[in-house]
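> In this note's numbering, the protein residues as written are 6 to 384.
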Amino acid sequence: MTDRVPVMCQLSLGHYFLNTGLPPHRIWFTSEGFAEALVTLQRRYRFDGILINLPGRPADILDEAVSIQKTAKGELLTWRNGHTTLVPWDDNASLLPADPSKPQRADFDTIDPDKLDGLDALPGYIWNTYHIPTLAGKARPGPLSEIPDYFYRTIDLVRAAVGDEVSVHGEVFSPFTHFCELFGYEAALIALLTDPPKAHALLDRLTVASVSWATAQARRGVDAVLNSSAFAGGSFISREMYREFVTPYERRLSDAVHACGVPIYTHTCGKIGDRLDLMVETGVDGLDTLDPPPLGNVELADAKRAIGDKLFIKGNMNSVALLSYKTREEVLAEARRCLRDGSPGGGYILSTACSVAPRVEPWKLQLLVEIVEESGARP
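Here's what the structure looks like:
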C-alpha cells in the first residue's frame, strides 16, 4: 500500500530487451530471464506494481533450439521442428513456421464449436495467445483448461523477489481476444456479422481458457488479474457488438476471478469513450489505458465523472507523445494533467495509456514517482 497515488506503467517487451542488459531470447523464453527483467525495471522506476504478461516457460524449452544467431534484425532461433523465431532487439518475437502452407489458424466455416481438439496444432493461435511454440509439447482436448505447472514459474520468482512490497498482477487474454487470435482478426470480425450464433458458441467455449488461466493465477497469489481485451474498442467493433460479443463473456471471467477473492481490471486500447458503461457492466474493478485524443477518445476528467465512483481508473498519459518528449518539463506537464483530472476522490493509478514504447528513455519513467510525491496527490 502507498500513501500517494500509485504509479504503474505496463512496459513493452521491447523496452525490457533494450534496458535490462539481458539477451532478448532469455527474457522471452525463460521464466528466470523475464522475472529478472520485471524486477529490475520495477526497482529502477519505483513502480508500485509489476504486470506479468507472459506465462512461465518450460524449463527445458531452449534445449529445443538448434541454434541462436545474432542478426541485424535480432536474435534468430531455429527449432528442432523446423520453426524459427525472430526476437527483434526492440520488439515482440514472431514465429516463422517451418511449412507456411499448413493452416496457421482455424477456419471459421469448418470448425465445430463442440470439437475444439487440436488447437495446439495451430501455430498462429498458440503463438499469439501464449507466445511459445507449443504447450508442453502435446495437443490438449479443446481450449486450455488444465494449467501446466511451468506457467506459474514467473509468478513464483517475482513474488519471491519482491515479497508483499509490490503489487504483483497476472494477465489473461479475454475470450474476445482468444476468438480473434483463433481465426485472425479480419476473419473473426467478419464471422461476427455472418454467423452470430456460431460466434457465440465459440466464445462460450473459449471463455474456458480465459477463466482457467485467470483463476489459476488468482489462486497462485497474484494481487490482481489484468484482462487484456485490446481489440474491443471502437476502431474494431461497435458499441452494440461490444454489448453482444464482449460483455457477457467478460462478465463470466470477472465473476470467476472474484470468486477467488482477487480483483480484475480490463485493458482495452483506442476508442472506448462510448462504451465505458458497458465495460462497467462486465463486473471489473478497474479500467486500464483510457487512451486520450488522438490515440483514443477518452478525456480523463469526463471518465472520472462517469465511472470514477464505480471502479478505479489507470492510464491516460499519451504514450506516443511520451516517446517524442525531449524535456523534463514536457513529461511533468503530461503527468500533472493526469493527476489533476484523475486523482480527486481517489481511485486513480498514474500510468501511460498503453504500453511504454521500447525506445522511451528511462529517465522519463523515473520522473513519474517523483512528480507524484511532489504533488502530494493521495490514492
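Glycine included, every Cβ here is placed at the ideal spot set by N, Cα and C.
It should be emphasised that the depicted structure is a prediction, and the values quoted were computed from it without experimental measurement.
Which residues in the same chain as A219 place their Cβ atom closer than 8 angstroms to its Cβ, once the five residues preceding and following it in sequence are excluded?
Residue numbering aside, residue 219 sits at position 214 when the sequence shown is read from its first letter. Hits under 8 angstroms: G175, V177, V230, N232, L258, A261, V262 and I269.
> Please identify the residue among G266, I312, L211 and Y254 whose C-alpha is closest to the C-alpha of L121.
Taking the first residue of the sequence shown as position 1, residue 121 is located at position 116. Among G266, I312, L211 and Y254, the Cα nearest to that of L121 belongs to L211.
> Excluding five sequence neighbours on each side, which residues of the same chain lie with their C-beta closer than 6 angstroms to the C-beta of T35?
On the sequence shown, position 30 is the one that residue 35 refers to. Closer than 6 angstroms at the Cβ level, and outside the excluded window around T35, lie R62.
> Rounded to whole angstroms, what is the Cα-Cα separation between G266 and L56?
On the sequence shown, position 261 is the one that residue 266 refers to. On the sequence shown, position 51 is the one that residue 56 refers to. Rounded to the nearest angstrom, the two C-alpha atoms are 18 angstroms apart.
> Less than 9 angstroms between the C-beta atoms of W94 and L18, yes or no?
As a first step, residue 94 must be located in the sequence shown, where it is residue number 89. As a first step, residue 18 must be located in the sequence shown, where it is residue number 13. It is not a contact, given that the beta carbons lie outside the stated cut-off.
> For N24, does the three-state DSSP call read helix, strand or coil?
On the sequence shown, position 19 is the one that residue 24 refers to. Note: N24 maps to helix in three-state DSSP.
> I'd like the ranges of any alpha helix (DSSP H) spanning at least 4 consecutive residues and lying wholly in the segment 246 to 317.
Qualifying alpha helix (DSSP H) stretches, in chain order: 252 to 264, 281 to 286 and 305 to 312.
> Starting from G175, trace the beta strand (DSSP E) both ways and give me its first and last residue.
Taking the sequence shown and counting its residues from 1, the one referred to as residue 175 is at position 170. Its beta strand (DSSP E) spans residues S172 to F178.
> Taking just the CA atoms, how far does A382 sit from A340?
Counted from its first residue, the sequence shown places residue 340 at position 335. Counted from its first residue, the sequence shown places residue 382 at position 377. Distance between the alpha carbons of A340 and A382: 12 angstroms.
> With a threshold of 6 angstroms on Cβ separation, who are the neighbours of A206 within its own chain once the five nearest residues in sequence on each side are excluded?
Walking along the sequence shown from the start, residue 206 turns up at place 201. Excluding sequence neighbours, A206 sits near P118.
> Quick check: Y157 and R51, are their CB atoms within less than 9 angstroms of each other?
By 1-based counting over the sequence shown, the position of residue 157 is 152. By 1-based counting over the sequence shown, the position of residue 51 is 46. In this structure, R51 does not lie closer than 9 angstroms to Y157 by Cβ.
> Taking 6 angstroms as the limit between beta carbons, can you name the residues of its chain near S348, skipping five residues before and five after?
For this step, residue 348 is matched to residue 343 along the sequence shown. Around S348: V10 and A382.
> N86 by DSSP, collapsed to three states: which one?
Numbered from 1 along the sequence shown, position 81 holds the residue referred to as residue 86. Coil at N86, not helix or strand.
> Would you list the residues sitting across from E375 in a DSSP beta bridge?
Start at 1 with the first residue of the sequence shown, and residue 375 comes out as number 370. Beta-bridge pairing links E375 to no other residue.
> Sort out for me which residues DSSP pairs G79 with in a bridge.
Start at 1 with the first residue of the sequence shown, and residue 79 comes out as number 74. Partner(s): P93.
> Does the distance from the CB of S179 to the CB of S243 come in under 9 angstroms?
In the sequence shown, counting from the first residue as 1, residue 179 sits at position 174. In the sequence shown, counting from the first residue as 1, residue 243 sits at position 238. No. Outside cutoff.
> Would you kindly check if the distance between the Cβ of R256 and the Cβ of T287 is under 9 angstroms?
As a working note, residue 287 is residue 282 in the sequence shown. As a working note, residue 256 is residue 251 in the sequence shown. In this structure, R256 lies closer than 9 angstroms to T287 by Cβ.
> How big is the Cα-Cα spacing for L355 and L27?
Working through the sequence shown from its first residue, we reach residue 355 at position 350. Working through the sequence shown from its first residue, we reach residue 27 at position 22. Each residue's Cα considered, the two are about 27 angstroms apart.
> Measuring CA to CA, which of E151, C343, W33 and T45 is closest to D96?
To locate residue 96, count along the sequence shown from 1; it is residue 91. Minimum Cα distance to D96 is reached at W33.
> Which runs of the beta strand (DSSP E) spanning at least 3 residues fall entirely within the segment 124 to 210, listed in chain order?
Fully enclosed beta strand (DSSP E) runs of 3 or longer: 172 to 178.
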